[in-house]
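Line by line, the protein sequences are chains A and B. To convert, take the position in the first sequence, counting from 1, and add 664; that gives this note's numbering. To convert, take the position in the second sequence, counting from 1, and add 16; that gives this note's numbering. Virtual Cβ for every residue (Gly too), placed ideally from N, Cα, C. Take a look at the structure set out below.
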Amino acid sequence: MQTVKIVISGQVQGVGFRPFVFNLAEMLDVNGTVSNNEEGVIIFAQASKEIVDSFYKALLKEAPILSKIDKHYITEVNHKKFKDFKIIPSENASGLNLQLTPDFGICDKCKNEINDPKNARYNYPFTTCVHCGPRWAITKTFPFERHHTSIDEFKMCQACENEYSDPRNRRFHSQTNSCGECGIQLKLIDNESELVSTNNALIFNTIHRLLIEESIIAIKNTSGFLLCCDARNDNVVRKLRQKKNRPEKPFALLYPSVEKLKTHFSINLDIEKELTAVERPIVIIPTSIKNKTPIASSVAPGLNQLGVMLPNSPLLQLLANEIDFPIVATSGNISGSPVLSDNLEALELLGSIADYFLLHNLKIEHPQDDSVIKVSNNSNERVLFRRSRGFAPNYYAPKIENKKNVMAMGAHLKSTISYMPNDYIYISQYLGHLDNYGVYERFGKESSSFMNIFQQKPAVVLVDKHPSYQSTLFGKELAESIGAEFQEIQHHKAHFASILAEHSLFTSPKEILGVVWDGTGFGNDHQIWGGEFFKYHNGKMQRIAHFDYYDWLAGDKMAKEPRLSLFSLVDEVASIMTKKFNPKETKIYKELKKKNKLKTSSVGRLFDAVASLLDICDINTYEGEAAIKLENHVLGYDLKKCNSYASVFGNDHLSANAIINGVQSDIDSGIEKPQIICNFLFTLAKLIIDVANHNGIKSIACSGGVFQNTVLLDMLKEIAGNEYELFFNRNLSPNDENISLGQIMYYLNGVDS
Amino acid sequence: MDKKQYKFDKINLGHGSGGIMTRELLDGIIFKTFDNPYLNQKHDGSIVKIKGEVAISTDSFVVSPIFFKGGNIGELAVNGTVNDVAMCGAIPKYLSLAFIVEEGLGANEFIEIVETIKVTSDKCGVKIITGDTKVVERGKGDKIFINTTGFGEVHPKAEISSDRIKEGDKIIVSGYIAQHGMAIMSQREGLEFESTIESDTTNLNFIIESLLNNFGNKIKLLRDPTRGGLASTLSEIATDTNNGILIHENKIPLERQVAAACEILGLDPLYVANEGVFVAIIDKDVETEVIDLMKKDSKGLNAICIGQITNDHRGKVVMQSGIGGKRIVTPLIGEHLPRIC
Ligand SMILES: [Fe+3]
Ligand SMILES: [Mg+2]
Ligand SMILES: [Zn+2]
Ligand SMILES: [Zn+2]
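As structure tokens, then:
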């Protein structure tokens, strides 16, 4: 007889691990206990040596599908005789050192149950089990136990209790367990708070009818509100646009099923895999190859792509059962504000947008937008555009020695917070644009929430070098108030560090070329960087090249008006400019340009200038519009037919002007837009390889918002072939969402120090 | 005085030597212009009478260009300091006046500035009681710098103190914002807009005096949002007093032409300097009366309540945007740098 203590760490709580251990112990006739503690799952097992061995092996091999084990150990201990095997309550959670648990999309078994008229959970919109349901969305503190979540407000009925305590039941120790008898209540009201229905069996049918009748419905999902309407109906989509003050930005669609989606568009297996993954993200699919679709043109005006998703919760599944058409499902917020999750707040703020509200009484602790993924056409490179529901707050980072508790405040426009209080890194969901006070508040809440969950305050606070990022100001205040060390990290170095981290390259013996291209970042020379090349080797990050500086005009306005980037890069007397600027504007901007001192190397703005030059977009109506529309003109490419606009590195100059001149001369010789865009992207891709070659570097890491351009990625991969090793952000977006992780990694790896 | 009569075209180093030329400059221009008993004492300083508590404020004026649409540096130097004294809840009485002139400044320009100072100080009801003039080598200055210090008698009914601000207090702005900064910038950068934007430089002491006469301690705080604009002033108030400030974008008084100019340049009018606007934080009970009174004064025709003090977001200024949503208003930090990535 042997007694052992086994500790298993990773994403092991809220995923059915303890019930799994219990059943395994029963099966193998092992006595002892299992509980959650601050390190993960802790097991005492007592049996013969052989049985203990096979028990341990089976634990690791057959662990529940949603679990992610990253640490485990076994030690022999002395212990009195156990009579049986028990799940015992959690120990106190101070010094928490384990993964938290993200939200999981509905599982097939639960889906079958809600669709089965004979099942007790037929039509129950909050059906969950150990394999699915909200986790982070309802987490107040940790370990993941019911009384640490907002579902604790609902007391389980006898039937639910029975499931919960039956080792043979799928809901054995399922913390989110509830049913129609005891659980969360749904109600449909109109925007004057007049009750329409509370009947789970009828409510979705009513919504179906309302959708057809051109209503806009605010639906409270388990992660936050969605605004929905019939995607086939141009009138209602336009009405939503007008009410939401969102003229052009594409809306995402909820499809009732993947089968239905396939009747409208051809999607490949990689896309299908992403759509049905447990995170259930929005996937941006190409819509150029389509069957006959009934989708209103106002859903994604002027675009050959569409964000689509499948039902991620039983609530949306029940809705999907009633509709056989796609619906608009966009974040329930007012323009620029964070996604709403509180009933009263939603009624107040969305009351003028939505005609009806589908509400429930589960409190959402961590509201999250839907995550967004795109897969590139040629090489199936998967790019995260927004990391939120399903992914947050965990991040699987390579092991790193950390003796200090560090919090990084990220950037400003696409803000996230990263926290490393122990052996793990936690990255908040995408929080949004910090100019917005609602976003700023939520930013503060997530920061406190991290500190509360781990009952620790950071010893080090990291921020961007930009003096007026709201995150920088917040970090400064936080550091002062808790007496933490405070450090600023340059924006593009943080981008680069995020990739070095994602691919464990900090200790690489090889030199790595960091290509960091984005719209704006505050440089060490107080200019606006954005077309940067770094060399990383032996803990040193060195800026080795950048696009030649050109004028940054008119503050934030330049990022909103691609025509201004063009103005900066061409001679203002060029005939094209007279179409884009009236004489008064021309005169003013000419003066500005003459006296301007602020310069930029931004590639993001170069994209803007090209989009404007090609008459694709002069003024953005949403962030990134010019770049998205530019990419959208390319339906395919043939590298052999692409020309580079400049051997730009010939004389050690990377000239945005030269590229613009190249585009202009192609226009003048009557070349078609799609080919010009291909030439432009080819120029950039080739430039990266040229710079690598010039510096004798074979490993290239690319980060920054520009690398959301999947055509550029495809070209780059094709040109690099086997000769160069390419690295892209993998589990984070290439845009500023990765800044907070980069800040932590730059700091902890002691780069440049 | 006839400018032509002065015997030098330009101010030169000799005028700052302290010798005969200096004397000539003072007698020929300064004393002649400001002719008053205090100055005529011709002491190293002046002896003046003042009642009760004294408010003192000093400011140096360095503006380019020195002549601009709506005024010149001399007018700024008087109004700026007079206003600062008034913001203390005081009635400005006396000003000191010191020039640092760069060698080569045209005598006519100098005379025009001095005369403007005279006219402006008369308008404000303040006396220039002491002064100084230095001349520096070419390149060591920028045409002319002026320092003024103002002395005022604290209004008997005034109880200006940021400690007295509390939730619900109203925030009043006296008129169109961003005029001065945009006037200076458009002239300096050679920018032409539909019509010329003029500086709003003016003295605010009389309108303040009448507010204090009528509402006394219901007026809790007075500030003139000069450099850094309205945003910086409100942020300072929020941080210093640890109160929240909520303002409404569509209440901010902004002249159409100035708004258009800011828009075209990508500037936020909240950060643009003012020289003839003040912010008053007042007890909410007197909001309507205060605004009614202000609107009767030419300096307060466009007075409006733009928001209030809140218990939420202490230490921060939040603005309800015109299109929905709220945004944080931070103080100006260094120069304006783009933040959008
Ligand atoms: Fe960036
Ligand atoms: Mg002052
Ligand atoms: Zn399930
Ligand atoms: Zn139940």
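Cβ pair residue i, residue j closer than 7 Å
i	j	result
E168/B	A114/B	It should be pointed out that residue 168/B corresponds to Gly in this sequence rather than to Glu. Contact: no.
I1153/A	L1126/A	yes
F1055/A	S1035/A	yes
Y1083/A	M1071/A	yes
Q981/A	P975/A	yes
D1087/A	N761/A	yes
I200/B	A296/B	no
P241/B	G166/B	no
V334/B	L262/B	yes
G87/B	T217/B	yes
L370/B	A1218/A	Because chain B here runs from 17 to 357, residue 370/B falls outside it and cannot be looked at.
Cβ shell of residue i (< 6 Å), same chain only, five flanking positions each side left out
i	result
K913/A	Y1286
A194/B	V274, P285 and V288
I1274/A	Note that residue 1274/A is Val in the sequence shown, not Ile. The answer, listed in chain order, is V1327 and F1344.
S62/B	Y54, I145 and T146
Q1407/A	A1072, L1126, I1153 and A1158
Where residue i sits in the DSSP three-state scheme
i	result
W1181/A	strand
R1394/A	coil
C321/B	strand
F161/B	strand
M201/B	helix
Y1104/A	helix
P990/A	coil
S1229/A	helix
A296/B	strand
N1419/A	Absent from the model: residue 1419/A. The displayed extent of chain A is 665 to 1417, so no value can be given.
M1073/A	coil
L121/B	coil
G232/B	helix
M1379/A	helix
D75/B	strand
P81/B	coil
Cutoff 8 Å; reference residue i; Cβ partners in own chain excluding five residues on either side
i	result
D1019/A	D854, N855, L874, S879, I880 and I881
K19/B	The pLDDT assigned to K19/B is 49, lower than 50, so where the model puts this residue is not dependable; a value taken from the coordinates is nonetheless given after this. So the list reads A123, N124, I127 and E128, once near-sequence residues are dropped.
Y1411/A	V1070, A1072, V1124, L1126, Q1151 and I1153
For residue j and residue i, the rounded distance between their alpha carbons
i	j	result
I116/B	G157/B	8 Å
F1118/A	T1080/A	18 Å
E1255/A	I224/B	40 Å
N1058/A	K1257/A	46 Å
D60/B	C140/B	25 Å
S921/A	H1030/A	27 Å
E1175/A	L1390/A	13 Å
I344/B	T249/B	14 Å
N1100/A	V671/A	44 Å
N1386/A	I946/A	32 Å
G1183/A	P1226/A	11 Å
V900/A	A277/B	37 Å
A1242/A	Y1309/A	Note that residue 1242/A is Thr in the sequence shown here, rather than Ala. Distance between the alpha carbons of T1242/A and Y1309/A: 25 Å.
L1137/A	F1107/A	12 Å
I871/A	K1067/A	53 Å
L918/A	N968/A	17 Å
F50/B	K67/B	23 Å
L688/A	L723/A	8 Å
I1364/A	D1212/A	21 Å
For residue j and residue i, believed in contact at Cβ under 8 Å, the rounded distance
i	j	result
E690/A	F749/A	6 Å
A319/B	G206/B	That pair is no contact at about 33 Å.
Cut-off 7 Å between Cβ atoms - residues of its own chain near residue i, not counting five sequence neighbours on either side
i	result
N1402/A	H1159, S1162, S1367, N1393 and L1396
V64/B	Y54, Y110 and I145
Item to complete: Anything in the segment 330–357 of chain B with a Cβ closer than 7 Å to a Cβ of chain D? List those residues in chain order, please.
Response: As a matter of chain content, chain D is missing from the structure shown, whose protein chains are A and B.
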